Each structure stands twice: as structure tokens, then as C-alpha cells.
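Visitor: Quick one: the structure is below, and I'll ask about it shortly.
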Amino acid sequence: MIQVKHENEPRITQGDIYKNVEFIEHITEENGNVEVSKVVFPYVVVLTQDCDLAQDFTFRWSDPPKKNHDKWLFSVLVAPLYNLEQLYNGQHLSELQMTMASISRSKTPGKNLVQNETPRYHYLNFPDDVAIVPSVVDFKHYFSVNVVQLKQQKSEKFVCQIAELYREHLSHRFSSYLSRIGLP
-15 MIQVKHENEP RITQGDIYKN VEFIEHITEE NGNVEVSKVV FPYVVVLTQD CDLAQDFTFR
45 WSDPPKKNHD KWLFSVLVAP LYNLEQLYNG QHLSELQMTM ASISRSKTPG KNLVQNETPR
105 YHYLNFPDDV AIVPSVVDFK HYFSVNVVQL KQQKSEKFVC QIAELYREHL SHRFSSYLSR
165 IGLP
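Note that the working numbering numbers the sequence shown so that position 133 is 117, with each residue one more than the last.
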């Protein structure tokens, strides 16, 4: 079970968990009509390095504002949290009409997943005071969210923050997954 913090700091931090975060799939325009296709993920976790988030906050929202925009971020990397039971059944993206491979919970693949021995996934089990079921981060499904938009929505969408030791583990596993050697 991971440890979490419930304090909603003024800035975005690595390991923050937010609810109801939008991902814009695409925007099209035809004959003056604009169509926006979006997915709303029930929960996401912030993956961007905390040092970058801290510098962005210091330089963007300092008083008086800094004239140098070198430390500003355009976006924040996040990844959805998927319900573990739905992931086992391959149904975690069924609302998007996507069928995913199931994972046997009682055999080695399922056991490796909850022991964080499967490089693609990171298992999170929350304490009782956090209303999130056991969940999995799929490192293939990361996306970016505008940093200003996320900061503006922080007060209404912040759920909790993964404690430092656990977010460092998550960050390390994410970077290891991204830096793997891709084989055909």
C-alpha cells in the first residue's frame, strides 16, 4: 500500500492525482463547424519531474513575475489510472470501444503486475482514506495536459499526492519503460 498526502499545495507536483482530466483526441473543422473529440479520464497521475514543476511555478507565478520564461513548461505529462479489476478483464477502455488483452490474475502475469515486476505497468494500492480502488498505470498511455489549465483546475480536481518515496519509484519505472530498447 502506498502512502499519500492530502495537502493541496499551490503548485502542481510530481505524483499528484487529479480526477476528471480531459485528453483532447482531435479537433476537426468542416464548413465552419468545429468538432472536439475528448476523453475524460476518471483519475490521472502527474509524471513530470518535480524539479521542472517547481521551477515552472517559481518563474511563472512569482511576484513580481520573472522576465525570463526559460523555466516555463508548456505541458505536464500524466498517465491514467485504470481500475485493476477492469484491467485484468481487458475492459478498462471499453467505454472507448477498445478491447484490451486480459491478464490472468491468478497466474504469473497477474502476480507480476501487482508486485510491479511488469515493466509496462505500475500498480498502486491506496489507503482506506482515499476513495480510489486498486489501480494500474499503463506507461503506454501517457499524455500531456496544458500546465496553466491544470494549475487553474487544481483546487477542484486534486485528489491526493503520492508520497515522495513512492513517486520516485513510479518515476524511475516510467523513465525505464520509455528508455527501453524497442525490438521489432
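Glycine included, each C-beta is placed from N, C-alpha and C at the ideal position. Fair warning: this is a prediction, and the values are worked out from it, not measured in the lab.
Should the region 125 to 145 be regarded as contacting the region 92 to 103, the criterion being three or more beta carbon pairs within less than 8 Å?
Guide: no
Visitor: Hey, could you find the ends of the alpha helix (DSSP H) lysine 95 is sitting in?
Guide: Start at 1 with the first residue of the sequence shown, and residue 95 comes out as number 111. That run of the alpha helix (DSSP H) goes 92 to 98.
Visitor: In this structure, does DSSP put glutamate -9 in helix, strand or coil?
Guide: Counting from 1 along the sequence shown, the entry for residue -9 is found at position 7. For glutamate -9, the secondary structure class from DSSP, reduced to helix, strand or coil, is coil.
Visitor: Tell me whether phenylalanine 25 sits in a helix, a strand or coil according to DSSP, three-state version.
Guide: Working through the sequence shown from its first residue, we reach residue 25 at position 41. Residue state, collapsed to three classes: strand.
Visitor: Under the rule that 16 or more other beta-carbon atoms within 10 Å means buried, what is glutamine 145, buried or exposed?
Guide: As a first step, residue 145 must be located in the sequence shown, where it is residue number 161. Classification of glutamine 145: buried, given that the 10 Å Cβ count is 16 or more.
Visitor: Would you call the region 18 to 33 and the region 146 to 161 touching, i.e. three or more CB-CB distances under 8 Å?
Guide: Contact between the region 18 to 33 and the region 146 to 161 is present, because at least three Cβ pairs lie under 8 Å.
Visitor: Along the beta strand (DSSP E) that carries aspartate 34, what are the first and last residues, could you check?
Guide: Within the sequence shown, residue 34 is the residue found at index 50, counting from 1. No beta strand (DSSP E) contains aspartate 34, which is instead part of the alpha helix (DSSP H) from 34 to 44.
Visitor: Start and end of the beta strand (DSSP E) containing lysine 3?
Guide: Taking the first residue of the sequence shown as position 1, residue 3 is located at position 19. Where lysine 3 is concerned, the enclosing beta strand (DSSP E) stretches over 0 to 14.
Visitor: For isoleucine 146, list the residues DSSP reports as bridge partners.
Guide: Mapped onto the sequence shown, residue 146 falls at position 162. DSSP lists Val(-12) as partners of isoleucine 146.
Visitor: First and last residue of the alpha helix (DSSP H) that includes asparagine 73?
Guide: Translated into positions along the sequence shown, residue 73 becomes position 89. Start and end: 68 to 73.
Visitor: For the beta strand (DSSP E) holding serine 128, just list the boundary residues, first then last.
Guide: Numbered from its first residue, the sequence shown carries residue 128 at position 144. Note, serine 128: beta strand (DSSP E), 127 to 130.
Visitor: Beta-carbon within less than 8 Å of glutamine 33's beta-carbon, same chain only, minus the 5 sequence neighbours each way: which residues are those?
Guide: The residue labelled residue 33 in the question sits at position 49 within the sequence shown. Gln(-2) and Ser155, listed in sequence order.
Visitor: If we count the other Cβ atoms within 10 Å of its Cβ and call it buried at 16 or more, is leucine 108 buried or exposed?
Guide: Position 124 of the sequence shown, counted from the start, is the residue given in the question as residue 108. Under this definition leucine 108 is a buried residue.
Visitor: What is the DSSP secondary structure of serine 155, reduced to helix, strand or coil?
Guide: Residue mapping note: residue 155 aligns to position 171 of the sequence shown, counting from 1. DSSP places serine 155 in helix when its eight states are reduced to three.
Visitor: Tell me the residue span of the beta strand (DSSP E) that contains histidine 106.
Guide: By 1-based counting over the sequence shown, the position of residue 106 is 122. Element bounds for histidine 106: 105 to 108.
Visitor: Give the range of the beta strand (DSSP E) segment to which serine 119 is assigned.
Guide: The residue given as residue 119 occupies position 135 in the sequence shown. Taken as a continuous stretch (DSSP letters only), the beta strand (DSSP E) holding serine 119 covers 119 to 122.
Visitor: So the candidates are Ser119, Val117 and Pro64; which of them puts its Cα closest to the Cα of phenylalanine 7?
Guide: Residue numbering aside, residue 7 sits at position 23 when the sequence shown is read from its first letter. Closest option to phenylalanine 7, Cα to Cα, is Pro64.
Visitor: With a cut-off of 8 Å on the beta carbons, I'd call isoleucine 11 and valine 5 a contact; round off their distance for me.
Guide: Reading the sequence shown from its first residue, position 27 is the one you call residue 11. Reading the sequence shown from its first residue, position 21 is the one you call residue 5. 17 Å between Cβ atoms; not a contact.
Visitor: Alpha carbon to alpha carbon, what distance is there between glutamine 137 and valine 121?
Guide: Within the sequence shown, residue 121 is the residue found at index 137, counting from 1. Within the sequence shown, residue 137 is the residue found at index 153, counting from 1. So the alpha carbons of these two residues sit roughly 22 Å apart.
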